[in-house]
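Written below as structure tokens is the structure these notes are about.
Numbering (the working numbering), first residue to last: 755 to 1692.
Next up, the structure:
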């Protein structure tokens, strides 16, 4: 039985230390994980020669904080793995090695330790590697050590490696902080070492600190030692660590105070650890409650792994002036930015505590496995955050927060736009969702069992992805949770090795109560001409909910696709009952059905029983329908029918995909049906907005505030009169201000509705404010105003006036950067890019001459004016321009040719879908209760 009690631990063991050889200055003060983009580069890094391996470090550090320099000595115990006369270690070029020595016990000779003379020490000019060339060959299996004395400068421009920062207290007193962030490969910037994750050895650390400051490291202080001649400085000698990688070594020296008392966590799994929270004295009040959060999160993580941490203490620090993009998750010492640790959420804390097991206790063998480590930690942290407070900091939106962006990115013709960092992030997100998929399909208990098997076998060792998948597979087989011909590693590989996701299509046969299930690459972006698309197949779990016996708790797959294109499902419900494949987004793929099943789903969702379908599944059905229609896989009439139940829907998760749908469709329909679509949007959103504004509280949930804001924004864009009138009333305060150029008293939320639906006079007033904008005000305010002036209007004459002033007249108050911004904003709606096209066409000769030497502006103008059309009429406009001025486009010749190719594809889509959309809207509006007095029309 787990118990948590408060104790103060006092530990003291003996430790060896050498006094400093030379004292150049007194040691007193006179007055944010592995980044995946870095990991990708690290995976390509040259590895050290394997002639020797380290078995232990004794490291002594003497920081001189006033001067931001340090000296040190490291003794590395090593074993020779082969006969060798060279030894290579990592050492940054900024570290100066002042002394070096090699000694060894040679098995064939006496047992005495022999000094091995060093012939030459050389540094690779392009790599942070130092090589010692010895006078003689040391035979395999010899043991010994390498000694280095060294010195270097502390980092002062960042909080990486061994850094020093300063902060000012509330009493205006400047304080200094020293610390380390050695992840991913910064240990070499502090001392010579074998700086690869696979070398896991114990460390014995000794460090000099000012007597008035606290030193924290991976383990407790074993003993402290005074320094002769320096009454204000102390040597702290820390306990020996368990075997660990260099990047998990950590050190903090600062004026810190512990928050309250320690928490002693002890459980039946063998954990027996002291949990402490630290901060600067004046910040402790902001950390109230963190002790309890740490204990709760640690308990949940420990209960998941069920393998004890071999640590006596875990220190968690809110460090002033720490600027890391993520916490420094050293083993036994986690360092947060102050604001991160004092925040109310649990997600980040759960991630960092999880790294104590996955990352420190068991470590990725090489950086190529870093994304797998991050994915598993991310999944576990999300699950723990949901368990503790229902994921309130994520507004209950996980995994939608990552899943929808993944669907969008992988459905492009060219995912990630070949950006390596984005590619690594999306790969990590996909693996995170795979862990979630296995947790569902093999069951939570079996998933936990597999993870316990994995971590237990890899503690103090390194692992690869195969180790995780194989452990899960063994647990699933042991518990009878997967068919014999399904292998977890094979399933995972089929997803990880492709930068794509599948679309599963289910076509039911109601005569035989069966269905044919097929899979293919999911593509939204046209044309669908991805190379090798026909060869891409996935091992996909088919979990199903049935309308005749709804049960969303049974997540065992009824079948697996088994890397085949099709599969036949039998024993399905009759024609009066729907099925839902992949409920709760158990696996990351959208699902399409034949028309009848969609109709059954739509009818059920419009009934009072719709809440029997969980909100995440309701959101999935809506999201899948709209995106499949956009991709050309489903009729838009069916997709629109799936929104009919939203007049009665109030859960924010289900509304989440609706706003994206409104935005996407609004950008792709022609201006001829914009008014009808806006009317549909107003009818859809008005009941929700009315209910959300009935009772507004300061302490209400964030999701409600955000949903109200989104609903209002989209209603304003659709011409909802109460919203527009309110915006105009607020805007009038600015117009009536005695000195309107001194500042804007109007909230930004009111500006776009006024520029879109308001008068020419109101728009002209905004334009004049940009022209007169004083340099003393924030330029971001001017930028926002200019963006809305260009991007919001639906009246072409407003756009033409802006272009005439900024481009033709060359008003000196507008820069070339402003032109790029204006062109970009005009591509956001059909009125904007159509107006820009006519401006280009009508003023061709003037513009061609004006930008003859400014190809960047010219190219951007041609792109913005020609690339966004989606209809045959738009294609004819652009084609006529191309014919009329063929050979005159210069550097933009390839741009307009690409625009015409893309428009041809979009025009096909429009020809197929716009008549369907318009007919549905006509039928819907003819039956709807439309109150025209509530709508603004242009």
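All C-beta atoms in this analysis are idealised placements derived from N, C-alpha and C, irrespective of residue type, glycine included.
- Taken atom to atom, the span from the alpha-carbon of residue 1130 to that of residue 1480 is near 48 Å.
- In the three-state scheme derived from DSSP, where H, G and I count as helix and E and B as strand, residue 1295 is classed as strand.
- Secondary structure at residue 1060: coil, using DSSP grouped into helix, strand and coil.
- Here DSSP, grouped into helix, strand and coil, assigns residue 1451 to coil.
- The C-alpha of residue 1067 is placed about 42 Å away from the C-alpha of residue 1369.
- Residue 905 is bridged by DSSP to 825 and 850.
- Close CB contacts of residue 1000 within its chain, under the 6 Å cut and outside five residues either way in sequence, are with 941, 947 and 949 (chain order).
- Residue 1586 counts as buried, since no fewer than 16 other beta carbons sit within 10 angstroms of its beta carbon.
- Taking a contact as a CB-CB distance under 8 Å, the pair residue 943 and residue 846 counts as one, their CB atoms being some 4 Å apart.
- Secondary structure at residue 1360: coil, using DSSP grouped into helix, strand and coil.
- A residue is called buried once 16 or more other Cβ atoms fall within 10 Å of its Cβ, and residue 861, having fewer, is exposed.
- When C-alpha distances from residue 1161 are compared across 1399, 1221, 1181 and 1490, the shortest belongs to 1181.
- In this structure, DSSP gives residue 1327 a state outside helix and strand, which the three-state scheme calls coil.
- Residue 1111 sits close to residue 1209, with the two beta carbons spaced by under 8 Å.
- Here the region 906-913 does not lie against the region 871-885, with fewer than 3 beta-carbon pairs under 8 Å apart.
- Here DSSP, grouped into helix, strand and coil, assigns residue 1632 to helix.
- Your pair residue 902 and residue 961 does not check out as a contact, with CB atoms roughly 17 Å apart and the cut at 8 Å.
- Remark: C-beta atoms of residue 1212 and residue 1116 approach each other more closely than 8 Å.
- Setting aside the 5 residues that flank it on each side, residue 1384 is surrounded in the same chain by 1278 and 1418, each with a C-beta closer than 7 Å to its C-beta; the list follows chain order.
- Residue 859 places its beta carbon 8 Å or farther from that of residue 805.
- When secondary structure is reduced to three states using DSSP, residue 1020 falls in the strand class.
- A residue is called buried once 16 or more other Cβ atoms fall within 10 Å of its Cβ, and residue 1276 is buried on that count.
- For residue 1310 against residue 1392, the beta-carbon gap comes to about 30 Å, at or over 8 Å, which does not count as contact.
- The beta-carbon separation of residue 1292 and residue 1248, rounded to 5 Å, stays under the 8 Å limit for a contact.
- About 25 Å separates the beta carbons of residue 1119 and residue 973, which is beyond the 8 Å limit, so they are not a contact pair.
- Assignment of beta strand (DSSP E) within the region 1205-1288, counting only whole runs of 3 or more residues, yields 1215-1217, 1256-1263 and 1268-1275 in chain order.
- Cα atoms of residue 822 and residue 868: separation of roughly 37 Å, rounded to the nearest angstrom.
- Rounded to whole angstroms, residue 1231 and residue 1153 show a C-alpha spacing of 27 Å.
- Three or more Cβ pairs closer than 8 Å define a contact, and the region 1281-1290 falls short of that threshold against the region 1336-1356.
- Residue pairing of residue 1408 in beta bridges, as defined by DSSP: absent, with no partner found.
- Under the Cβ criterion (8 Å, minimum of three pairs), the region 1662-1678 counts as touching the region 1421-1432.
- The beta carbon of residue 800 lies closer than 7 Å to those of 881 in the same chain, with the five residues before and after it left out.
- Nearest in C-alpha terms to residue 984, of all of 991, 994, 990 and 964, is 964.
- Ranking 1490, 1406, 1287 and 1295 by CA distance to the CA of residue 1316 puts 1295 first.
- Counting C-beta pairs closer than 8 Å gives three or more between the region 1047-1054 and the region 1139-1154, which meets the contact rule.
- Using a 10 angstroms sphere on the CB of residue 939, the tally of other CB atoms reaches 16 or more, which defines it as buried.
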